[in-house]
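Before any comments, here is the structure.
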Amino acid sequence: MSRELEPARIVRLEEGDDPRVVLLDQRRLPEEEVDVSCRSAAEVAAAIRDMVVRGAPAIGIAAAYGLGLAALRGEDIAEAERVLAASRPTAVNLPWALAQLRDDPTPARARGLHDDEVDRCRRMATHAAELVGRRPLTHCNAGGLATGGYGSAVGALRVAWERGLVERVLVDETRPLLQGARLTAWELEQLGIPHAVIADSAAAAMMAAGEVDSVVTGADRIAANGDTANKIGTYSLAVLAHHHRIPLYVVAPTSTVDLATPTGAAIPIEERDPGEITQRFAARNPAFDVTPAELIAAIVTEHGVHRPPFVQTLAA
Ligand code: MRU
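Per numbering that gives the first Met the number 0, the sequence shown starts with residue 0, numbered consecutively.
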C-alpha cells in the first residue's frame, strides 16, 4: 500500500502561545521519524545548516516559515533574514524564498509559498514522466522530503510509475550523507515503486550493462545558460551518461532557476565539514558540483520541457 508524505509532515509553522517551525528530522530517517522544533529564526537557520531539513525547495520553504516565525515572535526581521540567508550557500531557492516574503513576512505568505512549490512539483512531474524510460537512475534525494511534498525528480518517477512507464528505479547511495540510500529509497518504498540502491561507483558498470535508460536528478541552482549545480557526483554521472549515450534530465521548479547567474562558474559551492567524509584523516568535502549545460538533454520545470539552447529556452 502506498503512503504519501504530507507537506505539513516535512515542514510546518505552528502558531498559538508558543509559535514554532516543526521539521521532520531528515538526519534520523529512515530509522526514526522524529520532529525538531525551532523557536526562533536563528534556530531554523541552524536546522538548515545542520541538514535537519535539506533539498533546495525544502530549505527555501523552511526559511520562509523562519521569517513568518520571526514576525510572530517580534524578532528583528532584517536580522532574521540575514541569518537565514547565511545558512547554506548553493541552493538559490533560499534567497529566492526570502525575497518572496520581503514585502509580506507573514505565516500566511510562507504557507502560500509552500503550497505553490508543491503545486510546481506536481506540474513538472507530469511533463517529465514521459521522458524517463523504463529503468531510470536517480542521485541524492529530490523527493517529497527535499521539496516540502511530492518531489521533483522523484515526482517524475511517481507519475511515470502510475502511468506504467517505469519498471524499476536505480538509486545512487550518494556519499557521504546517503540521501539516496536513506531518503530516496525510503520514499520509493513508501510509494511502492520498485527500486535498487547501488554504490555511487557502480553507475558506470550498470550503464555499460544496458541497465540504465536515463539519469534523472533535481537541482540546487540552474544558471542562465543551463549549467546546473546539484549534489556532488551529479557531474560524474553526467559524464558517464554522455559516454553511454544515455540522456540526463534535470527536473526542478523555476524557483531553482537563477537567470542572474550567467554560468555555473559563478555558482557558490558549499564545502562542508571534512568530518562527514572521515573523522580520522584530512579530507575535502565539496557538497555540490556543476554539470555543464552541454551534458543535459532537457531541463523540466512546471512550465514544460526546456531543450538546448537553454539560454533561450529558460529565459522564455
Ligand atoms: O545537501 P542536500 O541534501 O541539501 O542536497 C540536495 C540535492 O542536491 C538535491 O538533489 C537538490 O536539492 C534537488 S532537491 C529537489
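Where a beta carbon is used, it is the ideal one built from N, C-alpha and C, also for glycine.
message: Does Leu22 pass the burial test, meaning 16 or more other C-beta atoms within 10 Å, or should it be called exposed?
response: With 16 or more Cβ atoms within 10 Å of its Cβ, Leu22 is classed as buried.
query: For the ligand MRU, is there a heavy atom less than 7 Å away from the beta-carbon of Asn284?
result: Placement of the Cβ of Asn284 at a distance of 7 Å or more from every heavy atom of the ligand MRU is found.
Contacts around Val52, its chain only, beta-carbon distance under 7 Å, and the 5 residues preceding and following it disregarded: In chain order, Val10, Leu22, Gln25, Ala46, Ile58 and Ala61 place their CB closer than 7 Å to the CB of Val52, counting only its own chain and leaving out the 5 sequence neighbours on each side.
- request: For Cys120, write down the residues that DSSP places opposite it in a beta bridge.
  value: According to DSSP, Cys120 shares a beta bridge with no other residue.
- request: Measure the beta-carbon distance from Pro246 to Glu301 and round it to whole angstroms, keeping in mind my assumption that it falls under 8 Å.
  value: Going by Cβ atoms, the distance from Pro246 to Glu301 rounds to 20 Å, so no, they are not a contact pair.
Cα-Cα separation, Pro317 to Gly142: With the chain covering only 0 through 315, there is no way to say anything about residue 317.
query: Can you round the beta-carbon distance between Leu176 and Pro106 to whole angstroms, since I take them to be within the 8 Å contact cut?
result: Here Leu176 is actually not in contact with Pro106; their C-beta atoms are around 30 Å apart, not less than 8 Å.
- prompt: Is Ala145 near the ligand MRU, going by C-beta to nearest heavy atom under 7 Å?
  reply: Yes.
task: Please say whether Asn224 and Val310 have beta carbons closer to each other than 8 Å?
output: Against a cut-off of 8 Å, the Cβ pair of Asn224 and Val310 comes out as a contact.
query: Do you know offhand how far Asn140's Cα is from Ile76's?
result: Spanning the two alpha carbons is a distance of roughly 31 Å.
- request: Check whether the Cβ of Gly54 lies closer than 7 Å to any heavy atom of the ligand MRU, and answer yes or no.
  value: Gly54 Cβ: within cutoff of the ligand MRU.
task: Sort out for me which residues DSSP pairs Cys37 with in a bridge.
output: Per DSSP, Val20.
task: Spatial neighbours of Arg8 within its chain, please: CB distance less than 8 Å, with the 5 preceding and 5 following residues excluded, ordered by chain position.
output: Excluding residues within five positions, the ones whose Cβ falls inside 8 Å are Leu23.
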